[in-house]
Amino acid sequence: MKAVVITTAGGPEVLQLQQVNDPEIKDDEILIKVEATALNRADTFQRNGSYPPPKGASPYLGLECSGTIQAVGKDVSRWKVGDQVCALLNGGGYAEKVAVHGGHVLPIPPGVSLKDAAGLPEVACTVWSTVFMMSRLSAGETFLVHGGSSGIGTFAIQIAKNKGATVLVTAGSEEKLAFCKKLGADVCINYKREDFVARAKEETGGKGVDVILDCIGASYLQRNLDSLNFDGRLFIIGFQGGAVTEIKLNTLLPKRLTVQGAALRPRSTENKAMVVSEVEKNVWPAVAAGKVKPIIYKSFPLSEAGEAHRLMESSEHIGKILLVP
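So that you can map any letter, position 228 of the sequence shown is 228 in full-length UniProt numbering, and since no number is skipped, the others follow by simple counting.
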């Protein structure tokens, strides 16, 4: 098969489409003929050498995909050859075929094309596991998501609104904010022009928000804490603004704040399967009803993976970027 290979750690130019061996499936895995894979910020970190794949994972990039099942391991009972699915991957999506654990696979939701479904697994599993399973966002609460126009952000807006929350977003342009508004965001904050802490307090009558999903990290940490309501929950999923900082611990105690962090890729096989199951149960009905949709910005052929990475690193996109074999 053909796969995108990282020839050496570096910029987008190090990505090359090469002929490689087909993946071999284990007894608990399936083989998917890839229809599309979606880019994630972690792919760019792996490409430049700062985010090596876990032990035993595919050396190729790609943390999610959609496609048609070509082979099924003997311990897999739910899926059969010919099924159209999407999946959460340990790696390997930037290829014509990929092996994946049978418990990390989802059916294509009604109303979603096989290609567009590639943009769902990573964002759905990330947002559901962090915002809902761990931070327990519930109807009537207020939710702030940074980077509202990203793949994570566009999904988080839709599912949080569907579950009855009031949604605030930050983004860096009026075009991106207008898109977030169309998706259902109640309050849109241009972080380049205004202080999101003051706006969050203003929009909540001085209380602050209940849950924050943050991909920025260090540079936003204290301001995020200052933005939270009593019993507020901050969930950190990225470090685009750095990984090391200081905070005032006396912010946490009086308001009983919780700070959490998580990543999908390092989770155990069993934990991922549990998250995937919860997503199918709690998120897929909203997708099937058309309440939550994959937001696809642009598709590239596998041979142009470097161009796709340049677009992602420019942050000019809204939603997900796909690669198609």
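Glycine included, each C-beta is placed from N, C-alpha and C at the ideal position.
Quantities reported herein were computed from a predicted structural model and do not represent experimental measurements.
When you compare the CB of residue 194 with every CB in chain B, is at least one pair closer than 8 Å?
In the displayed structure, chain B is absent; only one protein chain is listed.
Tell me whether the beta-carbon of residue 286 lies closer than 8 Å to the beta-carbon of residue 110.
Residue 286 sits at position 286 when you count from the first residue of the sequence shown. Residue 110 sits at position 110 when you count from the first residue of the sequence shown. No, Cβ-Cβ distance for residue 286 and residue 110 is not below 8 Å.
CB-CB under 6 Å to residue 226, same chain, minus the five flanking residues each way: which ones, in chain order?
Taking the sequence shown and counting its residues from 1, one reaches residue 226 at position 226. Answer for residue 226: 197, listed in chain order.
Per DSSP, what kind of secondary structure is residue 78 in: helix, strand or coil?
For the purposes of this step, residue 78 is taken as residue 78 along the sequence shown, with counting starting at 1. Coil at residue 78, not helix or strand.
So the beta strand (DSSP E) residue 210 belongs to, where does it begin and stop?
Locating residue 210 in the sequence shown gives position 210, where the first residue counts as 1. 209-214 is the extent of the beta strand (DSSP E) around residue 210.
Just tell me which of 256, 177 and 160 has its CA closest to the CA of residue 293.
Position 293 of the sequence shown holds residue 293. Closest by alpha carbon: 160.
For the candidate residues 262, 253, 251 and 214, whose alpha-carbon lies nearest to that of residue 240?
Here residue 240 refers to the residue found at position 240 of the sequence shown. The shortest C-alpha separation from residue 240 is found at 214.
Closer than 8 Å by C-beta to residue 262: which residues in its own chain qualify, once you throw out the five before and the five after it? Chain order, please.
Stepping through the sequence shown from its first residue, residue 262 is reached at position 262. So the list reads 129, 130, 134, 235 and 237, once near-sequence residues are dropped.
Over the uninterrupted beta strand (DSSP E) stretch that includes residue 6, give me the two end residues.
Indexing the sequence shown from 1 puts residue 6 at position 6. Here the beta strand (DSSP E) through residue 6 covers 2-6.
Do residue 316 and residue 106 have their CB atoms nearer than 8 Å?
Working through the sequence shown from its first residue, we reach residue 316 at position 316. Working through the sequence shown from its first residue, we reach residue 106 at position 106. The Cβ-Cβ distance between residue 316 and residue 106 does not fall below 8 Å.
Where residue 57 and residue 47 are concerned, what is the direct C-alpha to C-alpha distance, given to the nearest angstrom?
Here residue 57 refers to the residue found at position 57 of the sequence shown. Here residue 47 refers to the residue found at position 47 of the sequence shown. Roughly 15 Å separates the two Cα atoms.
So, helix, strand or coil for residue 144, using DSSP?
Within the sequence shown, residue 144 is the residue found at index 144, counting from 1. Residue 144: strand per DSSP, three-state reduction.
Mapping the DSSP letters down to three states, classify residue 256 as helix, strand or coil.
Within the sequence shown, numbered from 1, the residue matching residue 256 stands at position 256. Reduced to three states, the DSSP call for residue 256 is coil.
If I measure Cβ to Cβ from residue 200 and keep anything under 7 Å in the same chain, skipping five residues before and after, which residues do I get?
The residue you call residue 200 lines up with position 200 of the sequence shown. Only 144, 168, 208, 209 and 227 meet the Cβ criterion.
Check whether the Cβ atoms of residue 60 and residue 94 sit closer than 8 Å, and answer yes or no.
The residue labelled residue 60 in the question sits at position 60 within the sequence shown. The residue labelled residue 94 in the question sits at position 94 within the sequence shown. Cβ atoms of residue 60 and residue 94: closer than 8 Å.
Does residue 21 pass the burial test, meaning 16 or more other C-beta atoms within 10 Å, or should it be called exposed?
In the sequence shown, counting from the first residue as 1, residue 21 sits at position 21. Taking a 10 Å sphere around the C-beta of residue 21, we find fewer than 16 other C-beta atoms and assign the residue as exposed.
Between residue 158 and residue 114, what straight-line distance do the alpha-carbon atoms span, to the nearest angstrom?
By one-based count along the sequence shown, residue 158 stands at place 158. By one-based count along the sequence shown, residue 114 stands at place 114. Approximately 20 Å between the Cα atoms of the pair.
Roughly how far, in whole angstroms, is the beta-carbon of residue 120 from the beta-carbon of residue 104, given that I think they are within contact range, below 8 Å?
Translated into positions along the sequence shown, residue 120 becomes position 120. Translated into positions along the sequence shown, residue 104 becomes position 104. Not confirmed; about 13 Å, so no contact.
How about residue 218 and residue 245: do their beta carbons lie closer than 8 Å?
As a position in the sequence shown, residue 218 is number 218, starting the count at 1. As a position in the sequence shown, residue 245 is number 245, starting the count at 1. Contact: yes.
Assuming the contact rule is C-beta atoms closer than 8 Å, residue 43 and residue 101 should be a hit. Round their C-beta distance to whole Å, please.
Position 43 of the sequence shown, counting from 1, holds the residue named residue 43. Position 101 of the sequence shown, counting from 1, holds the residue named residue 101. With 8 Å as the limit, residue 43 and residue 101 do not qualify as a contact, their Cβ atoms being about 20 Å apart.
Can you tell which of 23, 176 and 172 has the C-alpha that lies nearest to the C-alpha of residue 193?
Counting from one through the sequence shown, the residue named residue 193 turns up at place 193. Closest by alpha carbon: 172.
Return the first residue and the last residue of the beta strand (DSSP E) that residue 233 is part of.
Translated into positions along the sequence shown, residue 233 becomes position 233. In the DSSP assignment, residue 233 falls within the unbroken beta strand (DSSP E) covering 228-236.
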